[in-house]
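The structure appears right after this line, and notes come after that.
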Amino acid sequence: MIEFIQDYLAKRQINSRITYDRERRKANLFATIGSGKKPGIVLSGHTDVVPIDGQEWASDPFVLRDQDGRYYGRGACDMKGFIAIALAKVDAMLEADLDAPFHLAFSYDEEVGCIGVHKMLDDLREQNVPALGCIVGEPTNMQMKTGHKGKRAFRCVVTGRSSHSSTPDAAVNAIEYSTELISFLRTQSKELENSLRDHLFDVPYTTLTTTMFNGGIATNTIPASCEFVFEYRYLPAQDPTQIDHRIQHFIAEVLLPQMQEKAQEAAIELSTCIDYPALETPSGAEIQQIVENWAIPGEQSKVGFGTEAGIFTNFGIPSVVCGPGDINQAHRPDEFVSAQQLILCEDFIDGLIWEMWSRKAANQD
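Remember, this note's numbering sits 161 above the position in the sequence shown when you count from 1.
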C-alpha cells in the first residue's frame, strides 16, 4: 500500500518521506501537499490491519465488495476508507495552493501497539515540520472525539520450581503464584472502578484485565513456569505509573519473598507488550475548533479504543479523532464502511480545504 501511495503522489510531483522498521519490511509515509510554509493540518491513518484468522467472511476479505451501499473488506472501516478519501482529495488540495499545507501521515503496526508512528515522528522532529494539529481518521461516524484511553499491556513470566505432584511441598507452583498475582490485579481493578471517573467515556473508569494465560506440562507435574498477559486502559487523568508501582510493590514485597524462601531461583518478570498514551485534546486547540466546523455534530464524548492521536499530541501536535465508519464494524468478519459515511468524509475534507483556503484569502486582503 505504501508503494502504491508513494507512486500516486509522485505522479503529482509530491515527494514522500519514507521511514522503515529495522528489517526494512514495513514503512511509514509522510508527504506534504503544497509548498506553503505555515503550520498545516496532518491527516493521519494506519496502513496495517488485524488478521482474519478464524473469521468466516461472505467473500474474499482482501477484495473490495460493493454491495447495497456498503464497501466490504478487511480494513474498510478501520481506517482505509479515510485514507482513500484523503488521497482522492489531493488534487483539490494542490489546486487550492494553500500557504498552510496538508500533510499525509500513514503509519505501520498501529494494530500491535502504535509502533511505527514513533519512527515517523522522530524523522519529523529532525525535519522540523510545522503543524497546527492532526486529525486521526479512526471510525467515529464522522463525529469529533477529543479523548481516548491509554493502554499498557504486560507479559508476566512466573518461574518457580518443579516437582512430582505427589510432593508439592518440594515445589514452588508457578501457576498458583500466577493466580495470586491475578487475584491482586482483580482487586486493583475494583479499586480503579471505584476511584477516578470520566463520564465522557462509555466505560468511565480505568479497566485492568487479564487476557491470556498459559502454564503446566502434565497433570502429575507441579509447574515450574507459567505466563500470562494483562492490560489496563487508563483515563487521561490517570497516572499509569501509580498502577505500575502498586503491581511491582506486590510482586517484590509479597510474592517473591514467599517464593524465594523455598527456591532462590524463583522469579517474576514483567515485560511491556504495548504502551501508548491517552488522548486529551488540549483545551482551546485550534485543530479542535477547525474540525468542529465540519464534523458531524454530536454530544461531546471520548472513545475507549486507542489511536495514535495521543502520541501526536504528546509530540506537540494537538490532535482529535474523526473518521468515517462505526467502530463496532471494525475487526469483525464482513467488516464494512457505508458509502454514506465516505460521502460525509469527502464533505468533511472539502470543508477543511475551503477553511484553509479562506484563511489564506483573508490574509491577502
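We put the CB at the ideal spot given by N, CA and C, even for glycine.
query = Between the Cα of D341 and the Cα atoms of P384, Q490, K280 and V415, which residue gives the shortest distance?
reply = Checking the sequence shown, residue 341 turns out to be Glu, not Asp. Looking at the Cα atoms, V415 is the closest of the given residues.
message = Our contact map puts C483 next to T301 with C-beta atoms below 8 angstroms; I'd like the distance itself, whole angstroms only.
response = 6 angstroms
ask   = Within this structure, are the beta carbons of L353 and T371 separated by less than 8 angstroms?
value = no
query = If we cut at 8 angstroms on Cβ distances, does G230 have a partner in chain C?
reply = Considering every chain present, this structure includes no chain C. It has just one protein chain.
message = Give the list of continuous alpha helix (DSSP H) stretches no shorter than 4 residues that lie fully inside the stretch 208 to 249.
response = 242 to 249
task = Using the DSSP secondary-structure output, state which residues sit across from Y393 in a beta bridge.
result = R313 and L369
Residue of R185, A192 and Y181 minimising C-alpha distance to I166 = A192
query = Just reading off the beta strand (DSSP E) that H360 is part of, what are its end residues?
reply = Note, H360: premise wrong, no beta strand (DSSP E); not H, not E.
request  = For R493, I'd like the list of residues in its chain whose CB is within less than 8 angstroms of its CB, leaving aside the five on either flank, ordered along the chain.
outcome  = Q216
message = Please report the straight-line C-alpha distance between E208 and A456, rounded to a whole angstrom.
response = Checking the sequence, you will find Thr at residue 208 rather than Glu. C-alpha separation (whole angstroms): 23 angstroms.
message = Quick check on the burial criterion: 16 or more other C-beta atoms within 10 angstroms. Buried or exposed for T468?
response = buried
Residue burial classification, S499 (beta-carbon count within 10 angstroms, cutoff 16) = buried
Span separating the alpha-carbon of D270 from that of I383 = 38 angstroms
query = Just reading off the alpha helix (DSSP H) that R178 is part of, what are its end residues?
reply = Segment S177 to Y181 is the beta strand (DSSP E) holding R178; no alpha helix (DSSP H) there.
message = By the DSSP assignment, the beta strand (DSSP E) with V482 in it spans what residues?
response = S480 to V482
inquiry  = With H, G and I counted as helix, E and B as strand and the rest as coil, what does DSSP make of G294?
reply    = strand
key: Where the alpha helix (DSSP H) through P343 begins and ends   = The identity of residue 343 in the sequence shown is Ile, whereas the question assumes Pro. Unbroken alpha helix (DSSP H) run through I343: A335 to E354.
inquiry  = Assuming contact is defined by CB atoms lying nearer than 8 angstroms, are N189 and F243 in contact in what I supplied?
reply    = no
inquiry  = For a test of the three-state rule: what should DSSP assign to T474, helix, strand or coil?
reply    = helix
query = Span of the alpha helix (DSSP H) holding Y437?
reply = Taken as a continuous stretch (DSSP letters only), Y437 belongs to no alpha helix (DSSP H), being part of the beta strand (DSSP E) at A428 to Y437.
query = What is the C-beta distance between F389 and M373, in whole angstroms, given that I count them as a contact (C-beta under 8 angstroms)?
reply = 6 angstroms
C-beta contact flag for C527 and A413 at 8 angstroms = This structure leaves residue 527 out entirely; the chain is present only between 162 and 526.
request  = Report the three-state DSSP secondary structure of E441 (helix, strand or coil).
outcome  = strand
inquiry  = Using only the alpha-carbon positions, how far apart do M162 and D400 sit?
reply    = 37 angstroms
key: Inter-residue Cα distance where the pair is N334 and R394   = 30 angstroms
query = First and last residue of the alpha helix (DSSP H) that includes I504?
reply = A500 to Q525
Unbroken alpha helix (DSSP H) run spanning A171, endpoints = I163 to A171
C-beta contact flag for L285 and A247 at 8 angstroms = no
message = Using only the alpha-carbon positions, how far apart do Q525 and D168 sit?
response = 34 angstroms
key: Extent of the continuous alpha helix (DSSP H) to which L282 belongs   = G277 to Q288
ask   = If we ignore side chains and look at the alpha-carbon of each, how far apart do I432 and Y338 end up?
value = According to the sequence shown, residue 432 is Ser rather than Ile. So the alpha carbons of these two residues sit roughly 17 angstroms apart.
ask   = Is H492 helix, strand or coil by DSSP?
value = coil
request  = Return helix, strand or coil for I383, following the three-state DSSP convention.
outcome  = strand
message = Counting C-beta neighbours from all protein chains within 10 Å, is the total for R185 16 or more, i.e. buried, or is it exposed?
response = exposed
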